[in-house]
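Written out below as structure tokens is the structure these notes cover.
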Amino acid sequence: MKKLLLVLMVVAMASFLLVGCLPGIGVDGDEEEEVVVEVAVDIADSVVIDGKTYVSAGSHDITVTFPEPATGSVTAYIGLCGGDYSKSLLDDIIAAGGLSIPLWPNEDKTVWSGSGDFYGVGLFASYCCASYVFVTSGECEDEVCLQFPVIVDSCSPYAEIEIGIKDCEYECSPEGCSITFESTEVAPECADTSECCGDDCSGLFSWSMNLYDGWPFDKCCDPTVCEEPIGTCSLNACPIDCETDCLAAGTYYAIITLVDNVGLETNYYAKIVVGGEGTTAAPCTILVYEGTYVGPDECVIFDDVTTDTIGLCFDPDCGNFY
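Those letters in the sequence shown? Residues 26 to 347, by the working numbering.
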């Protein structure tokens with residue numbers, strides 16, 4: 026019986042090296058032989074970081090491309106998410122309620138595609154857990170042709186940001202006040218200092234700060250689309266460290282956005298009331314009010330109580346905090 030070694034070629038977002046059988050190839054004689062062929066598996070919007078494939082929790086398209094037409098049906102399975110990568114658990118994970126995803130072929134049956142949900146919590150409670158993806162076909166006699174782990178990311182990025190003020194009298198002209206944004210740090214007892222900024226699963230991709238000199242939600246709930254900011258900062262790594270140009274007294278609105286490597290996003294909102302002129306006679310003052318997104322009708326509601334910081338030093342949906 027012919028034995029086939031599958032080598033998955035690198036695709037746009039993810040790649041794997043696996044062993045299995047190839048559907049649609051006939052058997053000649055009794056002699057076993059090893060044939061190397063290429064099969065591509067693409068999970069939409071996945072990323073590879075340090076050799077591991079990550080995908081956000083939710084629905085993603087899955088495409089399997091064979092080098093020759095596949096006979097019979099092709100099906101993908103997504104196992105329940107767990108903290109154990111051991112292959113001995115594969116059958117148990119499928120039996121415990123993995124999702125079956127029929128894949129539909131193109132005209133010549135070389136490309137099969139479908140869509141399935143990756144759930145971030147399963148057998149072992151974790152918001153950054155591994156699901157095995159299995160691909161079977163009719164020629165495999167309902168055996169697993171391909172199997173590979175995917176880390177499902179349900180952890181959104183986070184930061185705690187201190188918002189302050191600086192006088193501009195000796196630093197720039199004209200006089201005014203500069204608003205500062207800095208992520209905080211924590212120093213646990215008997216432990217190293219750590220930043221209150223990051224992502225606990227796939228990692229932080231970027232952060233940005235947009236500042237507006239008026240209510241930014243007049244046209245839509247996404248002012249980055251509908252309004253022009255008067256100041257911006259951005260970077261692809263923590264910490265958050267940003268200082269605006271010199272500003273006159275008035276009310277400003279800041280939106281700080283963090284995005285992780287699989288596209289999960291966190292937004293923090295601040296209403297900032299600046300007073301003073303940035304001079305010795307009239308030093309700068311600041312009042313900060315944190316906002317909460319409440320939906321498309323009211324967009325963001327701001328607290329009545331002032332604060333020095335906005336955001337959190339953890340992701341409340343991920344369960345990790347400091």
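Quick reminder that beta carbons are idealized off the backbone N, C-alpha and C, glycines included.
S81 and I281 have their C-alpha atoms spaced approximately 21 angstroms apart. Between N286 and D224, the C-beta gap is smaller than 9 angstroms, which places the two residues in contact. According to DSSP, V287 shares a beta bridge with no other residue. Following the DSSP letters along the chain, one finds V250 inside the alpha helix (DSSP H) bounded by residues 248-251. Residue pairing by DSSP places C267 opposite F206 in a beta bridge. In the three-state DSSP reduction, C154 falls in the strand class (E or B).
Boundaries of the beta strand (DSSP E) harbouring P130: 124-130, taken from the DSSP string.
Excluding residues up to 5 positions away in sequence, S84, H85, I87, A101, I103, L124, I126 lie with their Cβ nearer than 8 angstroms to the Cβ of G141 in the same chain. Partner residues in the beta bridge of A184, as assigned by DSSP, are C222. Excluding sequence positions up to five before and after P321, its CB lies within less than 7 angstroms of the CB of C246, all in the same chain and listed in chain order. Going by DSSP, C258 is part of the beta strand (DSSP E) stretching over 256-260.
For T331, the three-state secondary structure derived from DSSP is coil.
I190 is the residue among W137, A295, I190 whose C-alpha sits nearest the C-alpha of E268. The continuous beta strand (DSSP E) containing G141 extends over residues 136-143.
Contact check for C343 and S179: beta-carbon distance about 7 angstroms, within the 8 angstroms limit, so the pair qualifies.
Residue state for K244 is assigned as coil, using DSSP reduced to three classes. Annotation: the continuous beta strand (DSSP E) that includes L236 extends over 229-237.
For D67, the enclosing beta strand (DSSP E) begins and ends at 65-68.
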